[in-house]
Amino acid sequence: MIVGAGGHAVSVAETVRSAGYELTAFTSDRDAGSRLLDRPVLADIPDEHLAAGGIVVIAIGDNAVRADAWQRLVARVPLDQLPAVVHASAIVAPGADLAPGAIVMQGAIIANGARLALGSLMNTGSILEHESVLDEFASLAPRAVTGGRVRIGARSAISIGAVIRHGLAVGADTVIGASSYVDREMPGNVVAYGVPARVVRARVRGDAYLG
Ligand SMILES: CC(C)(COP(=O)(O)OP(=O)(O)OC[C@H]1O[C@@H](n2cnc3c(N)ncnc32)[C@H](O)[C@@H]1OP(=O)(O)O)[C@@H](O)C(=O)NCCC(=O)NCCS
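According to this note's numbering, the residues represented by the sequence shown are 7 to 217, in order.
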């Protein structure tokens with residue numbers, strides 16, 4: 007069962023299918039009653055799904071909104087029914103560590119010693135290099151790349167095609183713009199972009215997300 011029924015949910019559905027799960031339905035307050043990818047969109051997760059041990063995958067692209075949805079879900083869904091889901095085409099080093107709720111999409115690469123924290127997200131073709139950490143509910147957009155020993159703070163978003171130099175940290179709730187090159191530490195709660203990336207404004211959790 008996938009929580010969310012937007013464009014991100016369509017991508018996540020392919021990852022879920024590739025990981026060997028049978029997709030039964032999506033849930034969404036807004037779209038309940040409609041259909042997506044030939045599956046029903048329900049208002050909520052049926053109790054029977056949880057009682058039968060069915061898994062739940064959160065497909066909400068906005069990192070802060072996903073984190074809030076997770077907090078509501080864990081009150082009802084056992085952690086072992088919120089597993090990490092990895093597309094069959096992703097490359098995951100044996101020494102990598104994936105927490106519950108992490109999603110790894112097509113062609114992503116996770117190097118040795120790297121860690122995906124709770125609910126974090128690696129989009130298509132992204133690379134998390136050796137000993138790097140994608141903190142809780144943080145995300146790498148398609149083709150975003152970190153060098154080794156990089157730390158991406160909680161709920162921060164590294165946009166499409168951005169590159170983070172090895173050894174650097176990005177604070178929490180920050181957005182790094184598309185195609186940026188980050189060559190120095192980035193604080194939390196900012197939007198930064200460019201080559202090299204520079205802070206362009208402050209943001210607070212809940213601000214508009216990727217523009
Ligand atoms: C960084 C970002 C969040 C800023 O969004 P925003 O605040 O709405 O910014 P705007 O679109 O209003 O652009 C403001 C200016 O910054 C420039 N700009 C925006 N993002 C930029 C970037 N990544 N690199 C260079 N310049 C950028 C714009 O061209 C514009 O310049 P102008 O004033 O000369 O016209 C957004 O541009 C971005 O990069 N989003 C990422 C999208 C993405 O990766 N999606 C993932 C899908 S999975």
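A virtual CB, placed ideally from N, CA and C, is assigned to each residue, including glycine.
DSSP state of residue i, grouped into three classes?
| i | result |
| --- | --- |
| Leu124 | coil |
| Leu134 | strand |
| Arg78 | helix |
| Ser165 | coil |
| Ala198 | strand |
| Ala73 | helix |
| Ala15 | helix |
| Thr21 | helix |
| Leu85 | helix |
| Thr30 | coil |
| Leu42 | strand |
| Ile64 | strand |
| Ala175 | strand |
Between residue i and residue j, what straight-line distance do the alpha-carbon atoms span, to the nearest angstrom?
| i | j | result |
| --- | --- | --- |
| Ser165 | Gly194 | 15 Å |
| Tyr215 | Asp68 | 7 Å |
| Leu174 | Val156 | 5 Å |
| Gly59 | Gly153 | 38 Å |
| Arg171 | Ala203 | 11 Å |
| Val9 | Leu88 | 11 Å |
| Ala70 | Gly212 | 7 Å |
| Ala150 | Asn129 | 8 Å |
| Ala73 | Val181 | 16 Å |
| Val188 | Asp179 | 16 Å |
| Arg161 | Asp141 | 7 Å |
| Gly159 | Ala90 | 19 Å |
| Val197 | Arg190 | 14 Å |
Taking the Cβ atom as the reference point for each residue, do residue i and residue j lie within a distance shorter than 8 Å?
| i | j | result |
| --- | --- | --- |
| Leu127 | Ser145 | yes |
| Gly107 | Trp76 | yes |
| Ala102 | Asn118 | yes |
| Val83 | Leu56 | yes |
| Pro148 | Ser138 | no |
| Ala96 | Leu122 | no |
| Ile109 | Val18 | yes |
| Ser186 | Ala208 | no |
| Met7 | Val92 | no |
| Leu29 | Ala38 | no |
| Ala114 | Glu135 | no |
Under DSSP, the beta strand (DSSP E) around residue i begins and ends at which residues?
| i | result |
| --- | --- |
| Val206 | 204-208 |
| Val47 | 45-48 |
Is residue i buried or exposed, if buried means 16 or more other CB atoms sit within 10 Å of its CB?
| i | result |
| --- | --- |
| Arg36 | exposed |
| Gly183 | buried |
| Asp50 | exposed |
| Ser40 | exposed |
Since residue i is in the alpha helix (DSSP H), which residue starts that stretch and which ends it?
| i | result |
| --- | --- |
| Leu216 | Run containing Leu216: none; DSSP gives neither H nor E here. |
| Ala57 | 53-57 |
Under 6 Å from any heavy atom of ligand 2, by CB: list those residues in chain order, please.
-> Absence of ligand 2 from the depicted structure is noted, with ligand 1 being the only ligands included.
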